[in-house]
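Okay, so the sequence shown: first residue is 14 according to our numbering, each after it adds one. Shown next, in structure tokens, is the structure this report addresses.
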Amino acid sequence: MKTIAVLGSTGSIGTQTLDVAAKLGIPVAALAAHSHAKLLEEQARQFSPSFVALADPDAGRELKIRLADTSIRVGIGDAAVCEAACLGETAVTAMVGIAGLRPTLAAIDAGREIALANKETLVCAGELVMPRARQRGVAILPVDSEHSAIFQCLAAGRRSEVAKIHLTASGGPFFGKTYTETYHFTREEALRHPNWAMGAKITVDSASMMNKGFEVCEAMHLYGVPIEQIEVVVHRESIVHSMVEFCDGSVIAQLSNPDMRLPIQYALTYPERLPCPVRPLHLTELARLTFFPPDLEAFPCLALAYDAIRRGGNACAVLNGANEAAVAAFLRGDIPFGRIPELVSRALDTVPHAPLSGLGDVLEADQAARAAAAI
Ligand code: MG
Numbered sequence: 014m015k016t017i018a019v020l021g022s023t024g025s026i027g028t029q030t031l032d033v034a035a036k037l038g039i040p041v042a043a044l045a046a047h048s049h050a051k052l053l054e055e056q057a058r059q060f061s062p063s064f065v066a067l068a069d070p071d072a073g074r075e076l077k078i079r080l081a082d083t084s085i086r087v088g089i090g091d092a093a094v095c096e097a098a099c100l101g102e103t104a105v106t107a108m109v110g111i112a113g114l115r116p117t118l119a120a121i122d123a124g125r126e127i128a129l130a131n132k133e134t135l136v137c138a139g140e141l142v143m144p145r146a147r148q149r150g151v152a153i154l155p156v157d158s159e160h161s162a163i164f165q166c167l168a169a170g171r172r173s174e175v176a177k178i179h180l181t182a183s184g185g186p187f188f189g190k191t192y193t194e195t196y197h198f199t200r201e202e203a204l205r206h207p208n209w210a211m212g213a214k215i216t217v218d219s220a221s222m223m224n225k226g227f228e229v230c231e232a233m234h235l236y237g238v239p240i241e242q243i244e245v246v247v248h249r250e251s252i253v254h255s256m257v258e259f260c261d262g263s264v265i266a267q268l269s270n271p272d273m274r275l276p277i278q279y280a281l282t283y284p285e286r287l288p289c290p291v292r293p294l295h296l297t298e299l300a301r302l303t304f305f306p307p308d309l310e311a312f313p314c315l316a317l318a319y320d321a322i323r324r325g326g327n328a329c330a331v332l333n334g335a336n337e338a339a340v341a342a343f344l345r346g347d348i349p350f351g352r353i354p355e356l357v358s359r360a361l362d363t364v365p366h367a368p369l370s371g372l373g374d375v376l377e378a379d380q381a382a383r384a385a386a387a388i
């Protein structure tokens with residue numbers, strides 16, 4: 014078993030990754046999170062990594078006190094999170110937002126395999142991250158359920174034989190509603206996802222379907238497929254996690270009950286498959302699977318994501334930065350749900366379009382987008 018460093022270990026994907034690690038006996042080399050000192054302390058005591066890090070300075074000082082009776086080294090701040098990223102053979106990147114970018118780059122530079130759960134890294138900087146990973150010979154294995162499905166389906170043929178990727182979307186809690194109907198929806202309504210229990214930020218992104226736009230971008234970067242060959246299809250049951258259509262018309266799908274432990278485990282054990290506690294699929298109980306085209310008028314965030322992807326350069330970093338700011342404002346209760354695409358659209362209209370030549374350009378676009386989306 015390869016040792017792992019788990020970044021964002023106190024979040025939804027992070028805790029499920031540690032569940033998988035505990036079951037399979039995967040050694041944990043390092044843990045990092047933003048600010049949840051109490052849970053990180055518990056995880057540190059359970060998994061005995063050599064190093065733990067918190068990005069937030071106050072929480073980091075608290076963690077140091079909490080772990081004073083152990084030999085576990087505690088790091089504080091962004092540099093410490095980057096250090097943690099490099100300590101396992103595989104870095105599981107499960108932090109939220111662009112905060113994952115630097116640690117992911119650090120792990121790639123250190124030659125660590127990446128189990129990628131932080132899609133914002135590829136959305137903002139896929140043009141920089143993917144070539145760097147190729148250059149270093151670093152594998153980037155998908156943890157996102159759709160991308161894990163695509164990865165598994167791709168094994169059925171050659172890349173040159175791929176005709177289309179069918180990226181499935183649950184449609185979230187607001188499926189079937191119009192934009193006007195959802196405009197004044199609140200945090201509580203957006204956090205009621207029908208199929209997946211996830212962190213707050215990604216749950217809101219699922220409700221707005223921005224998450225699916227990000228995933229189109231993620232699939233393009235991971236698999237080198239142009240946007241024209243990726244089709245989003247709404248599939249309410251979240252049983253088919255995505256499909257790959259080959260040039261002869263064969264469509265290969267990956268199915269399972271929705272449970273993130275399956276894609277997480279596959280990323281950690283690849284190319285092996287091991288038993289997983291996911292509930293077995295009983296097709297006759299399901300009776301039917303449904304598929305619908307996405308409604309771009311009801312979900313303008315998906316349309317904005319398509320626009321940004323087609324524009325290229327810094328546009329997706331602007332899209333992501335504005336979305337992070339808008340979703341944070343929504344989660345604080347400062348804006349209604351319908352304001353999210355309005356603020357993202359404003360940022361895309363006002364931040365000057367520019368090519369990306371390095372990390373500085375990404376961070377600059379991110380900052381400008383956050384300022385433009387401020388309420
Ligand atoms: Mg997903």
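We put the CB at the ideal spot given by N, CA and C, even for glycine.
request  = Have a look at Phe64, Asp69 and Glu96 and flag the residue whose alpha-carbon is nearest the alpha-carbon of Ala81.
outcome  = When the alpha-carbon of Ala81 is set against those of Phe64, Asp69 and Glu96, the nearest one is in Phe64.
query = Around the ligand MG, which residues pass a check of Cβ closer than 7 Å to any of its heavy atoms?
reply = The set of residues with CB atoms less than 7 Å from any heavy atom of the ligand MG reads, in chain order, Asp157, Ser158, Glu159, Asn224 and Glu228.
query = So what does DSSP say about Thr106, is it helix, strand or coil?
reply = In the structure shown, the three-state DSSP call for Thr106 is strand.
key: Candidates Ser22, Gly113, Pro290 and Pro306, of which the one nearest His49 by Cα   = Ranking the options by Cα distance to His49, first place goes to Ser22.
task = Answer with buried or exposed for Met222, where buried requires no fewer than 16 other C-beta atoms within 10 angstroms of its C-beta.
result = Met222 should be labelled buried.
Ile90 versus Arg74 - alpha carbon distance = In the sequence under discussion, the amino acid at residue 90 is Gly, which differs from the Ile named in the question. In a straight line, the C-alpha of Gly90 is about 10 Å away from that of Arg74.
query = Is Pro354 buried or exposed, if buried means 16 or more other CB atoms sit within 10 Å of its CB?
reply = Classification of Pro354: buried, given that the 10 Å Cβ count is 16 or more.
task = Over the uninterrupted beta strand (DSSP E) stretch that includes Phe64, give me the two end residues.
result = Annotation: the continuous beta strand (DSSP E) that includes Phe64 extends over Phe64 to Leu67.
key: Proximity below 9 Å, CB of Glu54 to CB of Arg86   = Against a cut-off of 9 Å, the Cβ pair of Arg86 and Glu54 comes out as no contact.
task = Check Ile85 in the structure and name its three-state DSSP category.
result = In the structure shown, the three-state DSSP call for Ile85 is coil.
The region 166–178 in contact with the region 262–269 per 3-pair CB rule at 8 Å = The region 166–178 and the region 262–269 touch, with no fewer than 3 CB-CB distances between them shorter than 8 Å.
Cβ separation of Ala367 and Gly326, assumed to be a contact under 8 Å, to the nearest whole Å = 6 Å between Cβ atoms; contact.
query = Within 10 angstroms of its Cβ, does Ser173 collect 16 or more other Cβ (buried), or is it exposed?
reply = Its Cβ having fewer than 16 others within 10 Å, Ser173 is exposed.
ask   = How would you call Arg383, buried or exposed, if buried means at least 16 neighbouring beta carbons within 10 angstroms?
value = Taking all protein chains shown into account, Arg383 has 16 or more neighbouring C-beta atoms within 10 Å of its C-beta and is therefore buried.
query = Sorted by chain position, which residues of the same chain lie with C-beta nearer than 8 Å to Asp320's C-beta, five sequence neighbours on each side aside?
reply = Around Asp320: Ala328 and Leu361.
query = Whose C-beta lies closer than 7 Å to the C-beta of Asp32 among residues of the same chain, with five residues either side of it excluded?
reply = Once the five neighbours on either side are set aside, the close Cβ partners of Asp32 are Arg274.
query = From what residue to what residue does the beta strand (DSSP E) around Lys177 run?
reply = Its beta strand (DSSP E) spans residues Val175 to Ala182.
query = Can you give the Cα-Cα distance for Ala93 and Pro70, rounded to whole angstroms?
reply = Approximately 11 Å between the Cα atoms of the pair.
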